[in-house]
Amino acid sequence: MANAAELTVDGKSYSFPTLEGSEHEKAFDISSLRDQTGYVTLDRGYKNTGATKSAITFLNGEEGILRYRGYSIEDLAAKASFLEVAYLLIYGELPTQEQFSEFENAIRRHTLVNEGMRKMLEGFPINAHPMSVLASLVSGMSAFYPDSYEGTTDTSDRDIIRLMAKLPTIATWSYKRSQGHPINYPQNNLDYIQNFLHMMFALPVEDYTVDPVIAEALNILLILHADHEQNCSTSTVRLVGSSQANLYSSISAGISALWGPLHGGANQEVIEMLEEIKAGGGDVAKYVDMAKNAKTTGFRLFGFGHRVYKNFDPRAKIIKKAADDVLSKLGVNDPVLEIAKGLEEAALNDEYFISRKLYPNVDFYSGIIYRALGIPTNMFTVMFAIGRLPGWIAQWKEMRETKEPIGRPRQIYVGSELREFVPMENR
Ligand code: CMC
35 MANAAELTVD
45 GKSYSFPTLE
55 GSEHEKAFDI
65 SSLRDQTGYV
75 TLDRGYKNTG
85 ATKSAITFLN
95 GEEGILRYRG
105 YSIEDLAAKA
115 SFLEVAYLLI
125 YGELPTQEQF
135 SEFENAIRRH
145 TLVNEGMRKM
155 LEGFPINAHP
165 MSVLASLVSG
175 MSAFYPDSYE
185 GTTDTSDRDI
195 IRLMAKLPTI
205 ATWSYKRSQG
215 HPINYPQNNL
225 DYIQNFLHMM
235 FALPVEDYTV
245 DPVIAEALNI
255 LLILHADHEQ
265 NCSTSTVRLV
275 GSSQANLYSS
285 ISAGISALWG
295 PLHGGANQEV
305 IEMLEEIKAG
315 GGDVAKYVDM
325 AKNAKTTGFR
335 LFGFGHRVYK
345 NFDPRAKIIK
355 KAADDVLSKL
365 GVNDPVLEIA
375 KGLEEAALND
385 EYFISRKLYP
395 NVDFYSGIIY
405 RALGIPTNMF
415 TVMFAIGRLP
425 GWIAQWKEMR
435 ETKEPIGRPR
445 QIYVGSELRE
455 FVPMENR
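In our numbering, the protein residues as written are 35 to 461.
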């Protein structure tokens, strides 16, 4: 590989170093571009821009590869627990038994949320979307832990534990509020996933025991969502954190970015779309046609397409199989699963989708599993956020540790040139 890229502009030649990542992806290092040439680059949607160097997650979209810290997503989903994966992402290595116990116990001891947060929760309207509640309460956490922004001590490890421990509590509270049910407090004799399920589903009027099939399925889903390199919400977390904003504020911004229907919000959109197809008699061809005419209909097939994966999304492959397994183990017969499979088949055989390399993504089948687990549709993106939390934390921590400069893109200004101010009476 060449070790310099030549650029000729305005009759002058410039040389820029190239670099290669550990999995051989290649880049031009244009850090000195503007200083040398006076030019900036324009790359809307950052389709070609490497925003950072990162040692956390490797993704090869052409070959459908996803690895956290070098471990394949297939291996981790089959063999690891979500908290083990969280440790791996955040601290770089799989934990020893001792490290894991220390991490897990610290999280267990921090699940309780300040009662002041509960009062904040009560101020939200009953029909508030849980993502809006989640983003607000996480942002509010910095007010309860001012050491996170006062910089008096190095608190980030404590903040990491607090966030990992309290996010499931807050998430389930947002759901309980929407149901008009009393919230549940965490029970620290339960493990991370059991505790989430208990807080989500237990009612004061009857006993609740965690179904191991549900806990196992949730473990897989959270692992699959745990990181995905420089996606929209992660880039948001890094960008906000690059101003040295505290961890809670940065993660809250990431939650807001995740909510959008083109990102994590797609899992809710998928189920709503499948329901609509079912209600209309199951005509999948009609929806494929609408998506093909996206420019006029404005309709996209939710759960299809990905900025990076152009072959298949390895997470979707695992989730599709898990959906079959989980539904059959739980004895759930959801007609929407058949509609999803029909839609996938129709799209995958259609020239529009083939030529644009549009495949089902992680969100296509995940909602069907969440539904079988009893998780309501407006909580799907919250589940994604719980899964993505360790990835956001790891990326925020890496960004801080490598002392990344504040993120501050340039622009090409296309507005008016200098104009003279006109007083209001003369306009
Ligand atoms: N349905 C119909 N057409 C599509 C779709 C779709 N789901 N996705 C992309 N296209 C078309 C698009 O219209 C464009 O066509 P043309 O070349 O004729 O203009 C072409 O494919 C390329 O699309 P793009 O919008 O330039 O691609 P992108 O990389 O900017 O967008 C995406 C990626 C995920 C935002 C997009 O595929 C999409 O909107 N998908 C539906 C929403 C979705 O499922 N999002 C979840 C993503 S995975 C989980 C996550 O990261 O949150």
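All C-beta atoms, glycine included, are put in the ideal place defined by N, C-alpha and C.
Are there any heavy atoms of the ligand CMC lying less than 7 Å away from the beta-carbon of residue i, as far as the coordinates show?
| i | result |
| --- | --- |
| Arg272 | no |
| Asn265 | yes |
| Asp397 | yes |
| Arg422 | no |
| Leu76 | no |
| Phe336 | yes |
| Ala419 | no |
| Ala85 | no |
| Leu382 | no |
| Ser98 | A small correction: the amino acid at residue 98 is Gly; Ser does not occupy that position in the sequence shown. No; taking the cut-off as 7 Å, the Cβ of Gly98 has no heavy atom of the ligand CMC nearer than that. |
| Arg390 | yes |
| Arg434 | no |
| Ala169 | no |
| Gly79 | yes |
| Ala300 | yes |
| Gly339 | yes |
| Ala260 | no |
| Ala328 | yes |
| Ala325 | yes |
Using a Cβ cut-off of 8 Å (strictly closer), state whether residue i contacts chain B.
| i | result |
| --- | --- |
| Leu292 | The structure shown contains no chain B; it is built from a single protein chain. |
Is residue i helix, strand or coil when you go by DSSP?
| i | result |
| --- | --- |
| Asp102 | Residue identity check: residue 102 is Tyr in the sequence provided, not Asp. Residue state, collapsed to three classes: strand. |
| Leu335 | coil |
| Glu459 | helix |
| Ala260 | coil |
| Glu40 | strand |
| Pro394 | strand |
| Lys46 | strand |
| Gln445 | coil |
| Asn412 | helix |
| Ser212 | helix |
| Glu435 | helix |
| Phe346 | coil |
| Phe158 | coil |
| Ala249 | helix |
| Pro424 | helix |
| Lys153 | helix |
| Asp191 | helix |
| Asn450 | Looking at the sequence shown, residue 450 is not Asn but Ser. Coil at Ser450, not helix or strand. |
| Gly79 | helix |
| Leu84 | Leu is not the amino acid found at residue 84; the sequence shown has Gly there. Gly84: coil per DSSP, three-state reduction. |
| Thr268 | helix |
| Ala279 | coil |
| Leu273 | helix |
| Gly174 | helix |
On the DSSP bridge list, what partners appear for residue i?
| i | result |
| --- | --- |
| Leu168 | Beta-bridge pairing links Leu168 to no other residue. |
| Tyr183 | According to DSSP, which records beta bridges pairwise, Tyr183 is partnered with nothing at all. |
| Leu201 | According to DSSP, which records beta bridges pairwise, Leu201 is partnered with nothing at all. |
| Leu237 | Glu240 |
| Thr526 | Outside the shown range of the chain (35 to 461) lies residue 526, about which nothing can therefore be said. |
| Thr91 | Tyr102 |
Could you tell me if the beta carbon of residue i falls within a distance shorter than 7 Å of some heavy atom in the ligand FMN?
| i | result |
| --- | --- |
| Leu296 | This structure lacks the ligand FMN; the ligands present are the ligand CMC. |
Report yes or no: do the stretch 419-434 and the stretch 208-220 share at least 3 C-beta pairs separated by less than 8 Å? No contact exists between the stretch 419-434 and the stretch 208-220.
Inter-stretch contact (C-beta, 8 Å, three-pair minimum) for the stretch 346-354 and the stretch 253-267: The stretch 346-354, when compared against the stretch 253-267, does touch it at the 8 Å Cβ threshold.
Could I get the ranges of all uninterrupted beta strand (DSSP E) runs contained in the stretch 97-142, with 3 residues as the minimum, in chain order? Runs of the beta strand (DSSP E) lying entirely within the stretch 97-142 and spanning at least 3 residues, in chain order: 99-102.
For the 8 Å Cβ check, are there 3 or more pairs between the stretch 154-173 and the stretch 189-196? By the Cβ rule, the stretch 154-173 does not count as touching the stretch 189-196, because fewer than three pairs are nearer than 8 Å.
Do three or more CB pairs link the stretch 357-376 to the stretch 108-120 at distances below 8 Å? Touching, no, given that fewer than three Cβ pairs across the two stretches are closer than 8 Å.
Complete runs of the alpha helix (DSSP H) confined to the stretch 362-406 [at least 4 residues]: Listed in chain order, they are 369-382, 385-389, 396-406.
At least 3 beta-carbon pairs within less than 8 Å: the stretch 56-76 vs the stretch 317-328: Flag = no, the stretch 56-76 and the stretch 317-328 do not touch.
Contact the stretch 327-334 vs the stretch 394-401: 3+ CB pairs below 8 Å: Cβ pair count under 8 Å is below three, so no.
I want to know whether the stretch 369-381 touches the stretch 275-284 - three or more CB-CB distances under 8 Å. The answer is no - the stretch 275-284 does not touch the stretch 369-381, with fewer than three Cβ pairs under 8 Å.
Under 8 Å, with one C-beta from each stretch per pair, do the stretch 269-279 and the stretch 243-250 reach the 3-pair mark? Touching, no.
Determine contact between the stretch 403-417 and the stretch 299-313, defined as no fewer than three beta-carbon pairs at a distance below 8 Å. Cβ pair count under 8 Å is three or more, so yes.
Along the chain, which unbroken stretches of the alpha helix (DSSP H) at least 4 residues long are found entirely within the stretch 286-330? The alpha helix (DSSP H) runs lying completely inside the stretch 286-330 and spanning 4 residues or more are 300-313, 318-326, given in chain order.
Touch test, the stretch 230-238 against the stretch 51-58, Cβ-Cβ under 8 Å, three pairs minimum: Touching, no.
Would you check if there are 3 or more beta carbon pairs closer than 8 Å linking the stretch 291-305 to the stretch 427-437? No, the stretch 291-305 is not in contact with the stretch 427-437.
Inspect the CB distances between the stretch 171-179 and the stretch 150-159 and report whether three or more fall short of 8 Å. With the cut-off at 8 Å, the stretch 171-179 and the stretch 150-159 touch.
Touch check for the stretch 336-343 and the stretch 383-395: three-plus C-beta pairs under 8 Å? These segments touch.
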